[in-house]
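Chemist: This is the structure I have questions about; it appears just below.
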Amino acid sequence: MKRTQSLLVSMAVLSPLLMMSCATKVTVVEPVVTTHVVYSPGENLTALTKVHETTYKCDFPFGGDNGRNLFFVVHDNTGFYNIYRKDSPTGMSMSQITGGRSRNTTPSYSAATNMVAFDGRPEGTSVSDIYIVNALQGGALTQVTNTPDYHEQYPSISRDGKKIVYEKRLRTADVKNTEIWIKNMQTNETTQLGLGRTPAFSPDGRSIVFVKYSNDGYNTSICTINSDGSNLTQLTDASMGIVWRPCFSPDGTKIVFQCKKLEKGDNDLYIIDRNGNNLTQITMNKSYDGEPYWANDGNIYFTSDRGGKDGQYQIWRFKYNTPSISYNTPSAVSPQSSQQSSGQYATYHTVASGETITDIARRYGITVRDVVKWNNLTTMTIKQGMKLKVSAQ
């Protein structure tokens, strides 16, 4: 929209030849505000839902596994960001996990330890570091990294909470020189895996997916590597554009990520098999669709400004047709899934020595009441070898 107005400019202080009043027309160009549609032709998004909406921008969703504990970032009007949690992703109530004058972002949650890892940059500091905080209560932060003059960002905490993988870059260095590091939270040992950005653990913690810059330092590719640094594999070609924020599916067989193609100005979501086959575009809106997290009930949470003004990001989700999975951790006995006549999956956990109902509930991100109800328990005492249902299906 353009608006034209008359502006009287006084020239009395200029030379006698210019000592006159003149009316000068000034054209003021107002910014164009784009409003995106909710659906675009070609999209087949089952149960597409905006799960959170505020007047503030929200992004970086993580969680929602078993329909609980969705974490995300809220940008307030002071220029700072903080992390919030919704006990029910589609519910109204939420609690603030971090506070203060800081830019706290990119949360990653471990149900086994009830901890959230994130990167934070407090006011007055020039670099970001990795922190952890109690996921349910918030409170005091524990600083995980503290390398002077280095940005340490985009943490991914393993399901068992024992390791954190993150990116690390000298503050003055080019982003294509960003490195991927793993920190053992039990020994404090750190290991460099190579160059790359936005790493994320596989559900079993044995592999990491990340993006790697091409030689031009602009486009990126999806890559995987074992957590011990072996078996580096490139899954997409850099000619695809700028790919970002990859995330494994609950069963570890697929990867969802965002991509900004060279010929387009928006970001869309794509899914590819872990072996690099079957690349599929999922969203086709002109909105920003990015920062996906694939929950174990098949819902993919993502950041988007679809259905609203350009840049007014909120948290959305849709259902992708995969069976529900409950995550295993290295210290747990492998859960067993049995397919029922409905086509859905019920997931069971075999009780290990010394385990309590509380331990199992925390491991799978459910409540003690859920365990008792789903298994018709009449006592809180459980024995080694018992098979307990740990999903609602």
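Just so you know, we're using this note's numbering here: the sequence shown kicks off at 3 and counts up by one.
Beta carbons are placed, not taken as given, at the ideal position from N, Cα and C, and that holds for glycine.
Model, not experiment: these values are computed from the prediction.
When burial is assigned at 16 or more other CB atoms within 10 Å of the CB, is Gly122 buried or exposed?
Modeler: Gly122 should be labelled buried.
Chemist: Quick one: what's Tyr156 bridged to in DSSP?
Modeler: According to DSSP, which records beta bridges pairwise, Tyr156 is partnered with nothing at all.
Chemist: Just to confirm, is the Cβ distance from Ala114 to Asp162 under 7 Å?
Modeler: The beta carbons of Ala114 and Asp162 sit closer together than 7 Å.
Chemist: Cutting at 8 Å between CB atoms, please list the residues of its own chain near Asp176, excluding the five before and the five after it.
Modeler: Gly219
Chemist: Determine the closest residue to Lys321 out of Leu281, Gln188, Pro252, with distance taken between C-alpha atoms.
Modeler: Pro252
Chemist: CB-CB under 7 Å to Asn46, same chain, minus the five flanking residues each way: which ones, in chain order?
Modeler: none
Chemist: Measuring straight from C-alpha to C-alpha, what distance separates Met388 and Val353?
Modeler: 5 Å
Chemist: CA-CA distance, Ala49 and Gln139?
Modeler: So the two alpha carbons sit approximately 31 Å from each other.
Chemist: Is it buried or exposed, Lys262, if we count other Cβ atoms within 10 angstroms and call 16 or more buried?
Modeler: buried
Chemist: Would you say His54 and Ile317 are within 7 Å of each other, going by their C-beta atoms?
Modeler: yes
Chemist: Kindly list the residues whose CB is nearer than 6 Å to the CB of Pro124, restricted to its own chain and excluding five residues on each side of it in sequence; keep chain order.
Modeler: Ser104
Chemist: Check the DSSP bridge columns for Ile224 and list the partner residues they point to.
Modeler: Val213
Chemist: Using the beta-carbon count (16 or more within 10 Å), is Met382 buried or exposed?
Modeler: Met382 is classed as exposed because its beta carbon has fewer than 16 other beta carbons within 10 Å across all chains shown.
Chemist: Does DSSP put Lys375 in a helix, in a strand, or in coil?
Modeler: helix
Chemist: Can you tell me which of the three DSSP states Ala119 falls into?
Modeler: It is a strand residue.
Chemist: Would you kindly check if the distance between the Cβ of Ser223 and the Cβ of Lys214 is under 7 Å?
Modeler: It is a contact, given that the beta carbons lie within the stated cut-off.
Chemist: Out of Arg247, Asn298, Ile85, Gly313, point me to the one whose CA is closest to Val392's CA.
Modeler: Asn298
Chemist: Residues bridged to Pro124 by DSSP?
Modeler: Its beta-bridge partners are Ser104.
Chemist: What are the start and end residues of the beta strand (DSSP E) that includes Arg87?
Modeler: 83 to 88
Chemist: Can you name the residues that DSSP bridges to Ile384?
Modeler: Answer by DSSP bridge pairing: none, since Ile384 is not bridged.
Chemist: What's the C-alpha gap between Thr108 and Lys385?
Modeler: 39 Å
Chemist: Give me the Cα-Cα distance between Gly141 and Lys165, rounded to the nearest whole angstrom.
Modeler: 21 Å
Chemist: Would you check if there are 3 or more beta carbon pairs closer than 8 Å linking the region 88 to 100 to the region 34 to 44?
Modeler: Output reads no: the region 34 to 44 does not touch the region 88 to 100.
Chemist: Since Thr285 and Leu271 are thought to touch, with beta carbons under 8 Å apart, how far apart are those beta carbons, to the nearest angstrom?
Modeler: 5 Å
Chemist: Determine which residues share a DSSP beta bridge with His54 and list them.
Modeler: Ile317
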